[in-house]
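The sequence shown lines up with residues -13 to 367 when you count with this note's numbering. Positions of the beta carbon are idealized from the N, C-alpha and C atoms, including for glycine. Being a predicted model, the structure only gives us computed values, none of them experimental.
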Amino acid sequence: MDSRNPGQAALSRLAGSRVARAAILAVLFSLLSLQDATAHDPGLSSLTIRQRTNTLEATLTLAVKDAAQVAELDENHDGTVSQVEFDRGQPQLETPVVRQLFIAADGKVANPQSVHSHLDENNNVEVLLNFHVVGFSSLEIQSKIIASLPLGHREYLQIQNSRGETIFEQLLSATADRATVQMPHTDANTVTLEAFHSFANFLCLGVKHILTGYDHLLFLFALLLVARGFFSSLGIITSFTIAHSITLAVATLQLVQIPSRIVEPLIAASIVFVGIENLLRGDIPTARRMVAFGFGLIHGFGFASALREAGIGSGTGGILLPLFSFNLGVELGQIMVAAAALPIIWKLRENPMFIARWAPACSAAVVLLGSFWFVQRVWMT
-13 MDSRNPGQAA LSRLAGSRVA RAAILAVLFS LLSLQDATAH DPGLSSLTIR QRTNTLEATL
47 TLAVKDAAQV AELDENHDGT VSQVEFDRGQ PQLETPVVRQ LFIAADGKVA NPQSVHSHLD
107 ENNNVEVLLN FHVVGFSSLE IQSKIIASLP LGHREYLQIQ NSRGETIFEQ LLSATADRAT
167 VQMPHTDANT VTLEAFHSFA NFLCLGVKHI LTGYDHLLFL FALLLVARGF FSSLGIITSF
227 TIAHSITLAV ATLQLVQIPS RIVEPLIAAS IVFVGIENLL RGDIPTARRM VAFGFGLIHG
287 FGFASALREA GIGSGTGGIL LPLFSFNLGV ELGQIMVAAA ALPIIWKLRE NPMFIARWAP
347 ACSAAVVLLG SFWFVQRVWM T
């Protein structure tokens, strides 16, 4: 690094010790929350860029005090930023970050595919950007946002490979806000291994999402509660799968977007509808496959929120693998649940008492729980 910059020289001398580097960074960021106690503290921020399969993740971490220099977050000027204030100021914060952070791969400027921000557990602000970048040998970074921060502010830049190993680091300032990095060579075997890890990670994410998605599971249970046998159940599950796969794809590819504040209450309403239909129409309501398909379209938008939270936005090569593996994980999770629940339901249905009393009682419980979720998501969120 440039010997004329003491901060860069210090970091360079510590580059051989990952433990020391991590300790110093932890200490530096532990001081972020103490900036209010020092009137003239110029501050320190962090910009971490991590290479992933066909994407780059950029995470900008700012102290709340510094973030408030970029956007009006402290509305009541009480010296603190509440979660409500932050939620209202998010767009005003994210827009200048997008405009003032430049990343170019092999000389071609990359545009962010998605941007998300939040307050972390240390009450610092994190802004996460995802860039669709495929295969490059050099990377240029410019962080113009430093000029918006107090004079003397420094930004600790580190670039990591897909394994989380730091391959480059530098202290940026308002007068030296650029860095150019030659990326280490990545062979075909490494690319294949990274693709496999990405596939496995999103596959597990899909399985976890369905197994912990109690509203989706309750909807599926209500559908299958009146199914008489294997082929009836197979038709219902297939209709639901096709429908949510369609909307998962179009939502993740940003062809159609419906806000969560609309999707989540509709998912709860679908549970209530199926429960009431079970009570009113008896053993095997007609057109049950169409009900599964219609409401499955809504549930697909709910599934897409998990991919958005993982930073998957529009693109080509950077989205198809996560989309496919995540959806496959959802289907595997459904199969696991159906394989465990359906034999029990079929066995119980052999008892007339279950059909006459317990199945309606289960449907009534479905209606009550779905109604609670609906009220909660409309008026209590």
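From residue i to residue j, what distance separates their C-alpha atoms?
i: K79; j: A57; result: Here residue 79 is Leu; the residue named in the question, Lys, does not match the sequence. Spanning the two alpha carbons is a distance of roughly 5 angstroms.
i: V193; j: A325; result: 14 angstroms
i: D371; j: V67; result: Absent from the model: residue 371. The displayed extent of the chain is -13 to 367, so no value can be given.
i: K94; j: S159; result: 23 angstroms
i: I232; j: I305; result: 15 angstroms
i: R247; j: R363; result: 7 angstroms
i: K130; j: Q86; result: 5 angstroms
i: Y200; j: V361; result: 16 angstroms
i: S369; j: S148; result: Nothing can be reported for residue 369: it is not among the residues displayed for the chain, which extend from -13 to 367.
i: H139; j: A133; result: 8 angstroms
i: E151; j: L157; result: 18 angstroms
i: I222; j: F216; result: 10 angstroms
i: E155; j: F188; result: 29 angstroms
i: K51; j: I127; result: 24 angstroms
i: V352; j: V101; result: 37 angstroms
i: N40; j: P82; result: 25 angstroms
i: Q69; j: P77; result: 14 angstroms
i: E43; j: P98; result: 9 angstroms
i: I371; j: L203; result: The first residue shown for the chain is -13 and the last is 367, placing residue 371 beyond what the model contains.
i: L48; j: R294; result: 22 angstroms
i: L309; j: R38; result: 15 angstroms
i: L33; j: F88; result: 12 angstroms
i: L114; j: R36; result: 11 angstroms
i: V249; j: P170; result: 44 angstroms
What is the DSSP secondary structure of residue i, counted as helix, strand or coil?
i: Q240; result: coil
i: V265; result: Residue 265 is actually Leu in this sequence, not Val. L265 falls in the helix class under three-state DSSP.
i: G149; result: A small correction: the amino acid at residue 149 is Arg; Gly does not occupy that position in the sequence shown. Coil, per DSSP.
i: L187; result: The question names Leu, yet the displayed sequence has Asn at residue 187. N187: helix per DSSP, three-state reduction.
i: E155; result: strand
i: A49; result: strand
i: V323; result: helix
i: D211; result: The identity of residue 211 in the sequence shown is Leu, whereas the question assumes Asp. Of the three classes helix, strand and coil, the one that applies to L211 here is coil, per DSSP.
i: A160; result: coil
i: L328; result: helix
i: L355; result: helix
i: E61; result: coil
i: A273; result: coil
i: Q338; result: Note on identity: in this sequence residue 338 is Pro, with Gln being the wrong assignment. It is helical.
i: G199; result: coil
i: P245; result: coil
Which residues in the same chain have their Cβ closer than 7 angstroms to the Cβ of residue i, if we skip the five residues on either side of it in sequence?
i: L211; result: N264, I331, A345, C348 and S349
i: V242; result: V236
i: F185; result: L307 and S311
i: A54; result: D60 and V67
i: T238; result: A290, L293, I298, I305 and L309
What residues in its chain sit with their C-beta under 6 angstroms from that of residue i, if we drop five residues either side in the sequence?
i: W365; result: none
i: L328; result: S219
i: H195; result: A292
i: P251; result: F360, R363 and V364
i: V167; result: L125, I145 and F154
Can you name, in chain order, every residue of its own chain whose Cβ lies under 8 angstroms from the Cβ of residue i, other than the five neighbours on each side?
i: E71; result: L59, D60, E61 and N62
i: L378; result: Nothing about residue 378 can be read from this structure; the chain reaches only from -13 to 367.
What are the residues that DSSP puts in a beta bridge with residue i?
i: T41; result: R38 and H118
i: V167; result: L125
i: S31; result: E141
- Query: Which whole runs of the alpha helix (DSSP H) in the stretch 67 to 145 are 4 residues long or more, in chain order?
  - Reply: 69 to 86
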